[in-house]
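Protein chains in written order, with the working numbering: chain H, 24 to 216; chain S, 4 to 982.
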């Protein structure tokens, strides 16, 4: 702990981040090391190419989207706090925190869903249109499936989720369609390992 | 009497060497005295005859001979199975009773009763659960079923916990129980007459400590705890086999050589042996999984034996592991888990069903036998070596150490688990540590010479097993309720969930990569890459490899919808919510774990509100039903042979209704296949379209009369249809006119050729048909009852059967049926017989069309293509002259239709020229289709509303209106409704 405290001092806003995201100091430190590693030009911020340099990510069919999710709209760099905030989504939902903190914690199922939702909703209009869904499906399924099949899947999915008949999936509808899924458990990563 | 029994037993001794059936065989010996006591039983006669048989053979020729000894063994086995199965029926007579009392309890009780009868009659118990029978036959069927249908993802997600509990937990239990019992013995809590030293107690601890897969399955399947909890307990019970086997063997050898001769090296050998047994067993299983996957790649032309490969190889995995004294359960489990994905993808739908049902049947009966025999085995004086101290100590220790072990391990595991196990989970896991037949079989196997206290151990084991299965099994349900343990939702994921969860996986993997964590998702992704790049290529058919899992999932969902819709005879579709179960799942539509239930329940349960409407039957409807059934029965005959092959699964459920559904489903499949092929070759078809037109009318002529006849009174329906149209045309912004226009376009060419080729027929048949075919006239199908006997509400309902907004989903559902590969050719009669089915199937074509711009041309094409399909299927009906035109069609669609065509051909020649046959089939179609019709009927109606976007409807309408030119006016006006 002592050593982590000393290194934490290098990290900007470490205490606030711990407070805000619920990460432990060890986590923060670990993530900072990672951040540092990714930040090849040592500018204290990551750019898209930095992410793209991660080899495994290149194989991820929706890797680009996830990279995109790290960048706030209009920005082309990510600093460490934002980096941590995004990752904070994937902690287990902490029942205690969600009550006292006024802003919704990152780990609430709602935020987690929001994160997933925005991966679909590339134009950020609050709706997953048919085209957007198709695009994701295409990326995920690749060449295995014909366009026709993709379309029927998308068709079916939209039809199933689309409650207000606007031919698109709003966030509310998205949430509804995943009502039965334990988002907290599904969207969780072991940060300890 | 005694001499008699002696002779029987002598002859038994020979049979006993067969080993397998030894237990069952001894039944004859038992039945003999039983009969002597009761004086009436048949088997008793058998027994006495077996003894006196030589005399009979000595005499002259006997017309009837008593060959009991010849059939004895299989006969007794069959009788046992029958008794067990009937017992199950009886237990399930009362639904409420079985929800409270687990079946396993009842079976054990039954076994106790049966054993008691035998004992009273015979003064000596003749049966027990023979270890050989158990390990070679009963256990593998259960484990095979469990392994093959193990939810792989769930299993591997929790592999860490499962392994920990199975290995560490079992070792902990074994040692603690063993040592504690020894301590209790030292403290004289256990009576001195139990002659056992430390090794014996350790041995006993080893065999009594393993959680038993059979018992866990039997109890937990009825409790429905959440998946994670179930997989952990059940996975543990399977995997701990390796530990049990090794511990057992090691101790046995130690006991045999004597504890004082055991060297330190032997302990290390024991550890090494554990690694070899477990890893070796797993590897054997995986090797067989690969072989199995690989073999099923090439079974395309021998579909009928596909299921056999599954059974054989899974079983061989078990036997092979047993052969090398590796962990057979592990081997079989991993063979099942490993092969499942590839096998399921490779084999046909029917084979899948076969595998599923057969496995479930076998496993169920094996389980039944195990529990009954456990009960019977207990009623045995020789086993009543009772020591209260030993029994109570054992009971207390296994419970206590199980609980401690679970809590301790969970505490450690929770530090690593993504989803920690909470206290309630731990309680259930501790309490769910059921012991069962494995322990019993192992304890019976003990050698009394080396293990002096064997009898005490056997008695204790029986008590422990009974206590855990009966008491804990009985109380675990209330406990789970009381603790509010999250239950399994037991529902199938919706397509959205399928999509999003896949996305989640990718997200998590990506985030792990970004965060630089080599976590679980990272490795799973690696494995999936490997699987995709190498394994799947090796083990999957080329055609299957192309398909993605999501697409499969999508199709499954659709098929499920389609089946349920059909299953409900369209009744259910009264409200939008209910129409598509998978969608309705959000509204907690019940899912059923096994298909039988699913089908059964759906038949009656879901559609309560519509039932009312359905039950407005007049006398006429009944009559119609009669007629329908009569027709269905008779007209179905040509396809008998095929059907009987199929019927094994479905016939028992619902006689004719089910049969009809079968027909429908099969037809739909084939239609779909064809429509798919045509869809893919749409442009080609375009080319041949003109030619087709020439032959089209022909079919229409054959079809038209049918339709019109059976729908002679659809007037009432018309109105609601229109209203529906209006509603939806508003909603969908579709233009009705456009449709009709397009449809007309298609039709127009038709009439001319038709009049050429089939003018006489066409003109005469429609006009003459009403009078000439009274049967079909009078048979508005029972399902159609609403239409036929026209209470207005019914007709309204009919239009709603598939809510318009769900049309698309319905269409997709139907179309997904095309994926069901059904190798054996479709019975041609069916094709001919079911014009409506065809129509329905054609609905499948919408999909592509719905995505193309809704121009009139696209509509036109799809329409024509679907008609092509129609034509190609109906060709048997056609007079030979048109055959040439057909030929082209055939070639185009032949690849995909291969099986279809091949079987079609021969009958086609027979039936082709017979227009009489056609008309007969027309009548038949009117009668046979009913289940089809309801879902179908609304489709076009609403389709009209949906307009040009939904080509199929256009097509439907065109079909509908097509008759009009050739035939009389009223018909055309009815057109829309007849679909």
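C-beta atoms are modelled at their ideal positions from N, C-alpha and C, and glycine is treated no differently.
query	result
Any C-beta of chain S under 8 Å from that of residue 133(H)	no
Where residue 535(S) falls: helix, strand or coil (DSSP)	helix
Residues in the stretch 404-428 of chain S having any Cβ partner in chain H nearer than 9 Å	418, 419, 420, 421, 422, 423
Interface flag, residue 124(H) vs chain S, CB-CB below 8 Å	Interpretation of residue 124(H) is limited by its pLDDT of 49, a score under 50 that renders its predicted location unreliable; no figure is taken from the coordinates.
Residue 456(S) beta carbon less than 8 Å from that of residue 389(S)	no
Boundaries of the alpha helix (DSSP H) in which residue 69(H) is found, first to last residue	No alpha helix (DSSP H) contains residue 69(H), which is instead part of the beta strand (DSSP E) from 68-70.
Any C-beta of chain H under 8 Å from that of residue 163(S)	no
Rounded separation between residue 426(S) and residue 398(S) - CA only	23 Å
Bridge partners - residue 185(H), DSSP secondary structure assignment	Residue 185(H) is not bridged to any residue.
Rounded distance between the beta-carbons of residue 438(S) and residue 218(S), thought under 8 Å	7 Å
Touch test, the stretch 351-360 of chain S against the stretch 66-81 of chain S, Cβ-Cβ under 8 Å, three pairs minimum	no
Boundaries of the beta strand (DSSP E) in which residue 192(H) is found, first to last residue	191-193
Residue-level contact to chain C via CB, residue 51(H), 8 Å cutoff	Of the chains in the structure shown, none is chain C; the protein chains are H and S.
Neighbour flag for residue 67(H) against chain S, beta carbons, 8 Å	no
CB of residue 107(H) within 8 Å of CB of residue 142(H), strictly	no
Contact list for residue 497(S) against chain H, beta-carbon separation under 7 Å	183, 200
Delimiting residues of the beta strand (DSSP E) encompassing residue 152(H)	150-152
The stretch 404-413 of chain S contacting the stretch 433-447 of chain S, beta-carbon criterion three pairs below 8 Å	yes
Closer than 8 Å to chain H by CB, residue 557(S)	yes
Whole-angstrom distance between residue 203(H) and residue 734(S), CA atom to CA atom	Reliability fails at residue 734(S), whose pLDDT of 39 lies under 50, so the model's placement of it is uncertain and the value that follows must be treated cautiously. Approximately 30 Å, taken between the alpha carbons.
Cα-Cα separation between residue 896(S) and residue 557(S), rounded to whole angstroms	Interpretation of residue 896(S) is limited by its pLDDT of 41, a score under 50 that renders its predicted location unreliable; the figure taken from the coordinates is listed afterwards. The straight-line gap from Cα to Cα measures roughly 25 Å.
Three-state secondary structure assigned by DSSP to residue 512(S)	helix
Coarse secondary structure for residue 100(H), derived from DSSP in three states	strand
Within-8 Å CB hit, residue 185(S) to chain H	no
Cβ of residue 141(H) within 8 Å of any chain S Cβ	no
Rounded C-alpha distance that separates residue 116(S) from residue 323(S)	37 Å
Closest residue to residue 480(S) among 225(S), 130(S), 83(S) (Cα-Cα distance)	225(S)
Proximity test, Cβ basis, 8 Å: residue 194(H) and chain S	no
beta-carbon residue 256(S) near the ligand SAH non-hydrogen atom, thresh 7 Å	Of ligands this structure carries none, so the ligand SAH is not represented either.
Proximal residues, the stretch 503-522 of chain S versus chain H, C-beta separation under 8 Å	503, 504, 505, 506, 507, 509, 510, 511, 512, 513, 514, 515, 516, 517, 518, 519, 520, 521, 522
Ranges of the alpha helix (DSSP H) found wholly within the stretch 67-102 of chain S, counting only runs of at least 4	71-94
Contact set between the stretch 73-95 of chain H and chain S, restricted to residues whose Cβ is under 9 Å from the partner	74, 77, 78, 79, 80, 82, 83, 84, 85, 86, 88, 89, 90, 92, 93
Cutoff 8 Å: residue 45(H) Cβ touching any chain S Cβ	no
Range of the contiguous alpha helix (DSSP H) that encloses residue 440(S)	440-448
Same chain only: Cβ atoms within 6 Å of residue 289(S), ignoring 5 sequence neighbours per side	337, 341
CB contact flag (residue 210(S), residue 280(S), <8 Å)	no
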